[in-house]
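Engineer: In this note's numbering, the protein residues as written are 3 to 227.
Would you mind keeping the following structure in view while I ask a few things?
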Amino acid sequence: MIELIASHLDWIASIAPTWGLILIFVFMAVESSFIPFPSEVVMIPAGFLAARGELGFDPAYALAFSVCVGTLGSLAGAYVNYFLALKVGKPFLLKYGKWFFLKPAALERACEVFNEYGAPATFVCRLVPAIRQLISIPAGISRMSLGEFSLFTSLGAFVWTTILVVIGFAAARASGNMTYLELCVKGKEAASSHLPLVILVALLLGVGYVFISKLVMRRRDRACR
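Below, the structure is given as structure tokens:
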């Protein structure tokens, strides 16, 4: 998927000054809804284009606009899941969720996380790839306050979007005149040549991330009691 986006980035860059921010909003709304679509293939290239001045603004402004628009798109997509769950309820989604790309096991897991940690889960889980989109569904099922849902979801989406945009922005600044496709190919080659180290680092980051996420949710849970 990343290489597909990279191969079309020249065309994307040609329309980015006019349609760039709109496309960011639309794709992030799709990513945040029940439709499986990785945010990484949207926001990292957005950061790359922002750094190269391809979004129609100075790089610093383009970076800020990309983050804000990406966050709004994520919130819009989360509203789709929230109001869908609020309207039809859990039994309907468990029975017909396959038509919305929702697996019963994944939905049950999202509900367990939400029931255990409550509202703060909608913030922390926005940073967890496997459950990011799904956490909006138990929020709707439980009829979580729309204001509270909007706040936690926006904060989580803002943090995640900022991370991705900054990665793309930094990659553009560090890669000289390389195209995004060339950068992806070089990164893939580097990862392949150091595969054991990449796996080890990924595992350490994953374990650390899960530990910190659980620690944050427990502290927030205690603070809300």
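Just so it is clear, CB atoms sit at the ideal spot from N, CA and C, and this is done for glycine as well.
Given the structure is predicted, the values throughout are model-derived calculations rather than measurements.
#1: Once you ignore the five residues that flank R128 on each side, which residues in its own chain have a CB closer than 6 Å to its CB?
#2: Below 8 Å on the Cβ atoms is my guess for A121 versus F85; work out the distance and round it to an integer in Å.
#3: Reducing DSSP to helix, strand and coil, say where R54 ends up.
#4: Going by the CB atoms, is the gap between A31 and G99 shorter than 8 Å?
#5: Count the other CB atoms, across all protein chains shown, that sit within 10 Å of the CB of P140; report buried if there are 16 or more and exposed otherwise.
#6: Please list, in chain order, all residues of the same chain as G49 whose beta carbon is under 6 Å from its beta carbon, the five residues on each side excluded.
#7: State the DSSP-derived secondary structure class of K230, mapped to helix, strand or coil.
#8: List the endpoints of the continuous alpha helix (DSSP H) containing M156.
#9: From what residue to what residue does the alpha helix (DSSP H) around C127 run?
#10: Is the beta carbon of F27 less than 8 Å from the beta carbon of L74?
#11: I'd like the list of long-range same chain contacts for P106, defined as Cβ closer than 6 Å, with 5 residues on each side in sequence excluded.
#12: Please classify R54 as buried or exposed, where buried requires at least 16 neighbouring CB atoms within 10 angstroms.
#13: Give the straight-line distance between the Cα atoms of V126 and F59, rounded to the nearest whole angstrom.
#14: Okay, do the segment 143 to 150 and the segment 39 to 47 touch, 3+ Cβ pairs below 8 Å being the bar?
#15: Would you grab the beta carbon distance between V82 and S35 for me? Rounded to a whole angstrom, and I think it's under 8 Å.
#16: With a threshold of 16 other CB atoms inside 10 Å of the CB of G22, please say whether the residue is buried or exposed.
#17: For I37, tell me which candidate among E118, A173 and L136 has the shortest Cα-Cα distance.
#18: Roughly how many whole angstroms lie between the Cα atoms of A174 and S138?
#19: Where does the unbroken alpha helix (DSSP H) through G120 begin, and where does it stop?
#20: With a cut-off of 8 Å on the beta carbons, I'd call G142 and L88 a contact; round off their distance for me.
#21: Pick out whichever of P93, V71 and S76 has its Cα sitting closest to the Cα of P40.
Structural biologist: Based on what the coordinates show:
#1: R134, G158, A159 and W162
#2: Incorrect: roughly 17 Å between the Cβ atoms, too far for contact.
#3: coil
#4: no
#5: buried
#6: V167, G170 and F171
#7: Lying outside 3 to 227, the shown extent of the chain, residue 230 is not represented and no answer is given.
#8: In the sequence on display, residue 156 carries Ser and not Met. Where S156 is concerned, the enclosing alpha helix (DSSP H) stretches over L148 to A176.
#9: From DSSP, C127 is part of no alpha helix (DSSP H); its letter is neither H nor E.
#10: yes
#11: L96
#12: buried
#13: 31 Å
#14: no
#15: 4 Å
#16: buried
#17: L136
#18: 33 Å
#19: From DSSP, G120 is part of no alpha helix (DSSP H); its letter is neither H nor E.
#20: 4 Å
#21: S76
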